[in-house]
Every structure is written in structure tokens, then in C-alpha cells.
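Here's the structure we're looking at; comments come further down.
Number of protein chains: 2
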Amino acid sequence: MHLGPDQPPLLVDAITAGGGRLTGLNDADAVVWTGAPSDFPTLPTQVRWVQLPSAGVESWFQSGVVDADSDRVWTSAAGAYADSVAEHALALLFAGVRALPGQLAATSWDQAGFGAQVRTLRGSLVAIVGCGGIGRALIPLLSAVGAHTLAVTRSGRPIPGAVETLPAERTAEVWGRAHHVVLGAPATGQTKYLLGASELAQMKSTAWVVNIARGSLIDTDALVEALTEGRIGGAALDVTEPEPLPDGHPLWTLPNAIITPHVANPPSALAPAFAQHVSDNVSRFARGQALAAIIDPASGY
Amino acid sequence: MHLGPDQPPLLVDAITAGGGRLTGLNDADAVVWTGAPSDFPTLPTQVRWVQLPSAGVESWFQSGVVDADSDRVWTSAAGAYADSVAEHALALLFAGVRALPGQLAATSWDQAGFGAQVRTLRGSLVAIVGCGGIGRALIPLLSAVGAHTLAVTRSGRPIPGAVETLPAERTAEVWGRAHHVVLGAPATGQTKYLLGASELAQMKSTAWVVNIARGSLIDTDALVEALTEGRIGGAALDVTEPEPLPDGHPLWTLPNAIITPHVANPPSALAPAFAQHVSDNVSRFARGQALAAIIDPASGY
């Protein structure tokens with residue numbers, strides 16, 4: 001099993017703990033990759049499994065690293081970071097619903113003004129559009145605060161804990177129904193600009209949209225227009241298009257926009273979570289079990 | 302049963318739903334009061350129960366309204382607002398731990414800088430000092446995000462869901478142990494300046510303190526000094542001393558302070574929660590059952 005290009009001790013330990021043995025690339029039957037697509041080596045034919053370090057893998061397809069043709073298995077880190085990202089999503093949703101942007105900027109006590117803006121999540125319906133690993137981790141948090149989840153997945157098979165699960169082709173129904181929307185879908189051709197002008201127009205005037213997935217899910221120009229006109233409650237974005245968001249972009253200063261610079265899964269949480277994922281997958285590989293987070297070249301994630 | 306000085310339809314309905322019948326004050330065996338201590342009437346002797354509208358009742362003692370001598374029963378709204386206040390406490394704790402003050406003020410993409418500041422609540426130990434109704438409502442929310450609760454109560458009797466419960470006389474142990482601290486104690490002589498310079502000095506350098514109870518629990522000058530010197534992570538305060546916090550106070554502009562102007566239980570959540578509480582207590586009164594949130598004149602809450 002080859003670990004490269006870096007060999008952080010946490011991952012060396014994770015591979016050993018999973019029952020793996022480190023080798024050079026030419027002797028490896030599996031590769032755990034810690035670098036970028038641009039550094040990816042040409043693989044010897046005997047490599048049967050590659051573990052990539054990121055949860056979203058569109059750049060690994062675009063760069064041609066993931067080969068759809070061989071019977072090699074590719075796994076992402078999807079799900080490994082779900083807990084931290086779900087926590088960030090709830091923190092952002094709370095920040096919006098509890099009117100924190102205005103209160104953090106205030107320099108005077110305005111109980112009547114902010115009291116009229118602060119809302120509760122209790123009893124509200126939160127749509128999770130693209131309810132994968134992050135969405136599944138978010139549902140119990142929403143349930144704990146008394147909110148209900150309306151899940152949207154590709155298949156529409158019922159997600160545990162959601163009050164209702166819709167298939168992707170019925171996504172249009174959720175914009176007007178949900179009190180708030182969390183976007184958790186992968187970046188594919190089908191999900192590009194999932195939330196655009198017509199979807200924003202259907203959302204409730206107090207609704208917040210939280211994006212912790214990929215910037216391409218939102219038509220940024222349409223969002224800026226909706227926020228400028230105050231047509232929805234607000235938007236809290238950990239991912240943007242373009243990303244990084246350039247200096248001077250209107251989203252930086254709109255009072256109903258919250259930007260966090262792709263930090264839902266910060267370094268302090270990332271390394272241990274990826275190590276745990278690698279250890280689990282190495283152990284499964286050694287025992288011939290199905291790996292977690294297998295990439296489907298046909299669907300692109 | 303008398304309702305006064307205002308008679309909002311929501312409360313008229315709540316009393317009727319609880320099995321009560323509205324009368325004038327002179328014919329009442331019970332009073333549901335919606336006003337301030339300063340408007341409180343002299344009670345006819347046959348009034349056996351008074352329901353006050355607030356959760357914290359120190360002003361009702363200070364004004365001499367609550368009579369310790371009679372065998373009349375007084376109830377507060379303690380617990381009625383617990384869900385909304387617990388939600389606010391979690392929103393404030395998340396805002397601190399996820400470094401939202403700095404990110405909301407930012408106008409440039411700084412993934413490395415904020416990525417180093419963002420933390421997770423997962424696995425952390427959160428002390429709830431004064432773990433009453435709000436604390437009990439907060440514990441399942443903390444559990445859902447993978448945080449552990451260290452509860453402090455007067456008696457120290459184990460609180461369900463807390464990993465440990467300490468009696469008030471052992472409060473000194475929590476400041477250094479907890480990753481974060483939520484203050485939920487009532488305002489009494491014993492709890493004044495519960496968190497002062499020496500307690501702040503024991504807290505972890507990344508710890509956030511959240512106060513959703515009463516401003517008098519914190520020595521504000523000592524807190525400002527600790528925040529100015531960056532000795533703790535930060536403070537998120539829904540209540541302050543003095544309150545309202547005056548314009549120009551350093552807490553308004555310290556980058557590691559979050560002020561919300563006593564809006565943890567906003568009007569949109571308050572009225573229905575109080576109505577439910579009244580309905581429940583009227584029903585209990587009618588059936589001769591023990592009332593909820595009975596005030597103990599000896600302890601002052």
C-alpha cells in the first residue's frame with residue numbers, strides 16, 4: 001500500500017492500524033493519495049484501489065485522473081467530513097435565523113428591533129437538497145432543535161429522520177414549501193445553478209439558504225439580486241462561485257449575506273477525520289469488504 | 302380567575318383551554334399577571350395563586366410584590382421559554398466556536414486564516430453553570446452535536462444527559478476543566494459575579510462563555526479586561542450588566558465579544574410559549590395538582 005506524496009504520521013498510523021503495510025508505488029496494490037490532481041502519478045497496473053483526499057471529486061474527473069475504463073476502485077473522502085460540515089451548516093443557519101449579522105454589527109442596544117428579527121428553528125421545515133452524508137449528519141441536529149427535514153435525493157428513497165424524501169426530479173416542489181434550504185448536492189452538470197432566479201422567487205421572504213456543498217449550485221448573480229431586493233431572509237455560503245470570492249464582490253457587504261471561506265471542515269477537524277476514514281477503508285480492503293465512498297465514474301461523484 | 306392588566310386573546314384562550322373562568326379581581330381565586338411589578342394590585346385575601354409573566358423574578362422580589370409570609374403560591378414563567386433560550390445559547394456558542402464575528406466582518410477571502418480559527422464542538426466539554434430549565438433544554442442539543450455537558454446545580458443531583466453534575470459549592474472546579482461555559486443561573490446574592498477575574502483566569506484560552514441568564518452573573522469589567530488581552534476565546538452575551546449596555550461600551554466593539562440585546566426569547570416565541578405555560582398551570586390548579594415553576598421566597602427564584 002502506497003501513501004503519497006506526503007506521508008503524515010497520522011496517516012501512517014491510520015494505515016498501520018487498518019492492517020495495511022506501506023510500500024513504494026511500484027509494489028503497491030493500493031494508493032492513499034494526499035496531494036492534488038496535478039501531482040498524481042501514472043499508476044502501475046496492479047493498483048486495484050485509490051483513496052483520494054477530498055469529499056468533492058469534480059477536479060479529479062476534470063483533470064482526467066479518475067479513469068472510468070479500468071476496473072480499479074476509486075474512493076473519495078465523502079462522509080468523512082460530514083459531521084464537521086453539518087455542524088457548520090447548523091451554525092450558519094442559526095446565524096441567519098437568529099439575526100446575528102445585524103447584531104454583530106450593532107453598536108447600540110436595540111431590543112425591539114432585533115427582537116422582531118430573531119426567529120426560532122423550532123417547528124420549521126428545512127429542505128436539504130442533495131441529502132448525502134452531510135445531510136444525513138445534519139438531520140439529527142435539526143431534529144434536536146425541533147426542526148423538520150424535507151430531504152431531496154437522486155432516488156427519493158426515504159432518508160431516516162426526514163419527514164419526507166423527494167426524488168431529484170421533484171426538487172421544484174421544495175423552494176416554496178421549506179422555511180429554509182440547505183444545499184448539499186455534488187457539483188455535476190445536473191446540479192449547476194440548481195438555485196437560480198426562478199427558484200429564489202419561490203422561496204419564503206424569511207427563508208435562509210445555506211450552501212456548504214459547491215458554489216456552482218447557485219446562480220450567484222441571481223442570488224445577489226434577490227438579496228439586494230430583500231426577497232429572501234438571507235444566504236450563508238461556505239462555498240461560492242467564483243471561489244475564492246474576489247475582493248469587492250457585493251456578497252462581502254450585503255447585510256443579509258454570510259460568507260465563510262470554505263472552512264466548514266477546518267484543518268483541526270480534517271486531518272483526524274480523514275485518518276479515521278483511511279483506517280476504516282484500509283481495514284475493509286484487507287478483509288475484502290466493500291469500501292466506503294466509492295466513486296461512480298458514470299455519475300461523476 | 303383574573304387576567305390583567307392586559308387581556309391578550311391568546312391568554313384568554315389559554316385560560317379557557319385550561320379549564321379556567323375569567324372574573325374580576327375581587328372574585329378571583331387566582332391571578333395571571335401580564336404587566337410589570339410597578340402596576341401590581343393589592344390582592345384580595347382569597348387569591349391563592351399568582352402567575353407572573355417572567356422567567357427571572359428578582360425584580361418582583363425587589364419591588365416587594367412577592368409576599369414571603371402568606372401561604373399564597375407564586376409561579377414564574379421559568380421553563381416556559383427554555384427551548385427558545387437554549388436554541389439561542391447554542392447559536393451563540395456556535396458563532397463563537399465557528400469564528401463568525403471575524404468572518405462576518407471580513408471583506409476578503411482568507412481560508413487559511415479563518416480555517417485556523419474555526420473549531421468544532423464535537424468532543425468538547427461544555428459546562429452549564431446553573432443547569433435549570435434552560436440548561437436541561439440545552440443538553441440534548443449539545444449531545445446531538447457530540448458535545449458533553451458538565452452540569453452545575455444547587456443540589457448536585459445528577460441531571461439526565463449530563464456526563465457529570467456538580468453541586469454549586471464545587472463550581473470552582475469547572476472553569477479550568479470545561480472547553481466552554483454557558484451561564485444559566487438565576488440572579489441572586491449567591492450568584493452575583495459568579496464569573497470574575499479569578500474564574501476567567503482559569504478558563505482555557507480558546508473557551509467561549511455564553512450568558513443567556515442574567516447580566517449580574519459576570520463581573521463585566523473583569524470580562525472586558527480578559528477579552529481585551531485575548532485570555533479566553535470570547536464572550537457571547539444576551540444579557541449584560543449594565544443592561545441595556547450603554548452606547549460606547551467596549552463590549553460593542555471588541556472583536557471577541559458578541560452582544561444580542563436580550564432577545565433569546567423573542568416576541569414571536571414568547572407569547573405562544575407563555576400561553577402554553579398558563580394553560581398547563583390553570584389546568585393543574587383546577588385539578589388541585591402541583592403547579593409548574595413555583596417560586597421559593599426563601600431562595601429568591
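Sequence lines, in order, name chains B and H.
Note that our numbering numbers the first sequence so that position 5 is 5, with each residue one more than the last.
Going from the second sequence to our numbering is simple: count from 1 and add 301.
No residue lacks a Cβ here, since even glycine has one placed at the ideal position from N, Cα and C.
| Query | Result |
| --- | --- |
| Local Cβ density within 10 Å of leucine 294 of chain B, reported as buried at 16 or more and exposed below that | According to the sequence as given, residue 294 of chain B is isoleucine; it is not leucine. With fewer than 16 Cβ atoms within 10 Å of its Cβ, isoleucine 294 of chain B is classed as exposed. |
| Complete alpha helix (DSSP H) runs within the region 166-191 of chain B (minimum length 4 residues, chain order) | 174-177 |
| Nearest residue (CA-CA) to glycine 215 of chain B, options B/Glu241, B/Ala257, B/Pro101, B/Gly132 | B/Glu241 |
| CB contact check: glutamate 465 of chain H to chain C, cutoff 8 angstroms | Going by chain labels, chain C is absent from the structure shown, which instead holds the protein chains B and H. |
| Glutamine 51 of chain B - containing beta strand (DSSP E), residue span | 49-51 |
| Partners in chain H for serine 268 of chain B, counting only beta-carbon separations shorter than 9 angstroms | Gly416, Ala417, Val419, Arg420, Thr421 |
| When B/Trp175, B/His179, B/Ala151 are compared against leucine 166 of chain B, the one with the closest alpha-carbon | B/Ala151 |
| Contacts that isoleucine 258 of chain B makes with chain H (C-beta to C-beta distance below 7 angstroms) | Leu405 |
| Exposure of arginine 471 of chain H, with buried meaning 16 or more beta-carbon neighbours within 10 Å | exposed |
| Rounded C-alpha distance that separates valine 126 of chain B from valine 174 of chain B | 9 angstroms |
| 8 angstroms contact criterion, which threonine 335 of chain H and glycine 380 of chain H should meet: CB distance rounded | The Cβ separation is near 18 angstroms, so there is no contact. |
| Residue-level contact to chain H via CB, threonine 149 of chain B, 8 angstroms cutoff | no |
| Alpha-carbon to alpha-carbon, valine 12 of chain B and glutamine 303 of chain B | Nothing can be reported for residue 303 of chain B, as the shown portion of chain B is limited to 1 through 301. |
| Nearest-angstrom Cα separation, counted from leucine 484 of chain H out to alanine 599 of chain H | 22 angstroms |
| Neighbourhood of alanine 82 of chain B by C-beta distance below 6 angstroms, restricted to the same chain and skipping five residues each side | Gly133, Ile134, Ala137 |
| Proximal residues of chain B, C-beta to C-beta of phenylalanine 395 of chain H below 9 angstroms | Glu87, His88, Leu90, Ala91, Leu92, Phe94, Ala95 |
| Buried or exposed by the 16-neighbour rule on C-beta atoms within 10 Å, applied to threonine 228 of chain B | exposed |
| Given threonine 120 of chain B as reference, the closest of B/Val97, B/Ala106, B/His88, B/Pro101 once Cα atoms are compared | B/Val97 |
| Test: tryptophan 509 of chain H CB closer than 8 angstroms to a CB of chain B | no |
| Simplified DSSP state of alanine 565 of chain H, which is helix, strand or coil | coil |
| Chain-ordered neighbours of alanine 144 of chain B on chain H, where CB pairs are closer than 7 angstroms | Pro441, Leu442, Ala445 |
| Proline 461 of chain H burial status per 10 Å Cβ neighbour count (16 or more: buried) | exposed |
| Three or more C-beta pairs below 8 angstroms linking the region 267-280 of chain B and the region 243-259 of chain B | no |
| The region 89-105 of chain B / the region 25-43 of chain B touching (three or more Cβ pairs under 8 angstroms) | no |
| Distance between alanine 537 of chain H and alanine 116 of chain B (C-alpha atoms, nearest Å) | 20 angstroms |
| Proximal residues to alanine 389 of chain H (C-beta, below 8 angstroms), its chain only, five neighbours per side dropped | Residue identity differs from the one stated: residue 389 of chain H is histidine in this sequence, not alanine. Cβ neighbours of histidine 389 of chain H beyond the five flanking positions: Ile513, Asp539, Thr561, Val564, Ala565, Asn566. |
| Beta-carbon proximity check, valine 163 of chain B vs histidine 148 of chain B, cutoff 8 angstroms | yes |
| Cβ of leucine 100 of chain B within 8 angstroms of any chain H Cβ | yes |
| Per-residue DSSP class, three states only, for isoleucine 560 of chain H | strand |
| Three-state secondary structure assigned by DSSP to tryptophan 553 of chain H | helix |
| Among B/Cys131, B/Val145, B/Pro140, the one whose alpha carbon lies nearest that of glycine 156 of chain B | B/Cys131 |
| Cβ neighbour criterion (16 or more within 10 Å) applied to asparagine 26 of chain B | exposed |
| Under the three-state DSSP convention, the category alanine 536 of chain H falls into | strand |
| Residue range of the unbroken beta strand (DSSP E) whose run includes isoleucine 435 of chain H | Run containing isoleucine 435 of chain H: none in the beta strand (DSSP E); it sits in the alpha helix (DSSP H), 434-445. |
| Alpha helix (DSSP H) runs wholly inside the region 65-134 of chain B, at least 4 long, in chain order | 82-97, 100-105, 111-117 |
| Cβ of leucine 528 of chain H within 8 angstroms of any chain B Cβ | no |
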